[in-house]
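Trainee: This is the structure I want to talk about, given as structure tokens.
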Amino acid sequence: MPNHRAPLREILANNCSQIAEFLGMGQAEVELLHKASHGVIEKGGEIVGEILGELFRDPEAARIFQEAGLTREALEGMLRGWLVAAFQGDYGEKMCLEVSKIGLTLAAHGLPPGFVLAKLATVTEVISRHVVAGHLFPVVLKALRWNLTVVMLGYEVVRQRIFERATGINEDVYNRLIRIYARELAQEISQELR
Numbered sequence: 001m002p003n004h005r006a007p008l009r010e011i012l013a014n015n016c017s018q019i020a021e022f023l024g025m026g027q028a029e030v031e032l033l034h035k036a037s038h039g040v041i042e043k044g045g046e047i048v049g050e051i052l053g054e055l056f057r058d059p060e061a062a063r064i065f066q067e068a069g070l071t072r073e074a075l076e077g078m079l080r081g082w083l084v085a086a087f088q089g090d091y092g093e094k095m096c097l098e099v100s101k102i103g104l105t106l107a108a109h110g111l112p113p114g115f116v117l118a119k120l121a122t123v124t125e126v127i128s129r130h131v132v133a134g135h136l137f138p139v140v141l142k143a144l145r146w147n148l149t150v151v152m153l154g155y156e157v158v159r160q161r162i163f164e165r166a167t168g169i170n171e172d173v174y175n176r177l178i179r180i181y182a183r184e185l186a187q188e189i190s191q192e193l194r
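Laid out in structure tokens, this is it:
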């Protein structure tokens, strides 16, 4: 069976472009983010420290990070780099690949998707507390949504590719299986809710 799968770079770049369009993340928003970046980057150490404090305050989260081999220092480096990219990046293809790599890294460390989503929400909450300029707040939220969506995109793409390599089932079949079984599971949950 020939492999007609698109290159990883193409999949990520196309999806990032669609995500930006869907969220309304254009050049004007990127320019506003760059203006807001100075205050956020200056407080970067404080923001990252607060995020890490929130993440490691939960003993279960600390255990999951430890079992995954993600040290506080590794997470600190990842968060610092991401914070700069989120506020000073161009939201183009290269940034898309860099941000999606965070999702790839989290998946490679075996972090469960629900855990990742919950902790990404914590990151958003902490950063939101530090952005007080009213007119910039909506733009910052758009940027954070773009970044968090792209992290999860990277996470999902790596899961699909691993599934394909392990089973030989390509992405199209994988997506059809998801649709079929998701309907069945939704019906099952509906039955249980009655």
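One point on numbering: in UniProt numbering, the residue at position 160 of the sequence shown is 160, and numbering is uninterrupted.
Ideal Cβ positions, reconstructed from N, Cα and C, are used throughout, including at glycine.
Please read these numbers as outputs of a predicted model, since none were measured by experiment.
1) At what residues does the alpha helix (DSSP H) containing D90 begin and finish?
2) With DSSP collapsed to three states, give me the class of V131.
3) Should R145 and L12 be called a contact, given that it needs their Cβ atoms to be closer than 8 Å?
4) Cβ atoms of K101 and L55: under 8 Å apart, would you say?
5) Can you tell which of I162, L32, V157, I41 has the C-alpha that lies nearest to the C-alpha of Q103?
6) Mind checking which residues open and close the alpha helix (DSSP H) that includes N15?
7) In the structure shown, what three-state DSSP assignment does H38 receive?
8) Using a beta-carbon distance below 8 Å, is A121 in contact with chain B?
9) Take V40 as the anchor and find which of L79, V84, E73 has the nearest alpha-carbon.
10) Identify, in the order they occur along the chain, each residue of the same chain with its Cβ nearer than 8 Å to the Cβ of I169, setting aside the five sequence neighbours on each side.
11) Please tell me whether I64 and I127 are closer than 8 Å, where the distance is taken between their beta carbons.
12) For A86 versus A121, is the C-beta spacing smaller than 8 Å?
Mentor: So, from the listed chains and residues:
1) The residue you call residue 90 lines up with position 90 of the sequence shown. Here D90 belongs to no alpha helix (DSSP H), and DSSP marks it neither H nor E.
2) Counting from 1 along the sequence shown, the entry for residue 131 is found at position 131. Looking at V131 - three-state DSSP - the assignment turns out to be coil, as it is neither helix nor strand.
3) Locating residue 145 in the sequence shown gives position 145, where the first residue counts as 1. Locating residue 12 in the sequence shown gives position 12, where the first residue counts as 1. Result no, Cβ atoms of R145 and L12 do not sit closer than 8 Å.
4) Counting from 1 along the sequence shown, the entry for residue 55 is found at position 55. Counting from 1 along the sequence shown, the entry for residue 101 is found at position 101. Cβ distance not < 8 Å, so L55 and K101 don't count as in contact.
5) Translated into positions along the sequence shown, residue 103 becomes position 103. The sequence given here has Gly at residue 103, not Gln. Of I162, L32, V157, I41, the residue nearest in Cα terms is V157.
6) Looking up residue 15 in the sequence shown gives position 15. Run containing N15: 8–23, per the alpha helix (DSSP H) assignment.
7) As a position in the sequence shown, residue 38 is number 38, starting the count at 1. In the structure shown, H38 sits in a helix (DSSP, three-state: H, G or I).
8) Absent here is chain B; the protein component of the structure consists of one chain.
9) As a position in the sequence shown, residue 40 is number 40, starting the count at 1. Closest option to V40, Cα to Cα, is V84.
10) Locating residue 169 in the sequence shown gives position 169, counting from the first residue. Cβ neighbours of I169 beyond the five flanking positions: F163, L177.
11) One-based indexing of the sequence shown puts residue 64 at position 64. One-based indexing of the sequence shown puts residue 127 at position 127. Going by C-beta atoms, I64 is not nearer than 8 Å to I127.
12) By 1-based counting over the sequence shown, the position of residue 86 is 86. By 1-based counting over the sequence shown, the position of residue 121 is 121. No. Outside cutoff.
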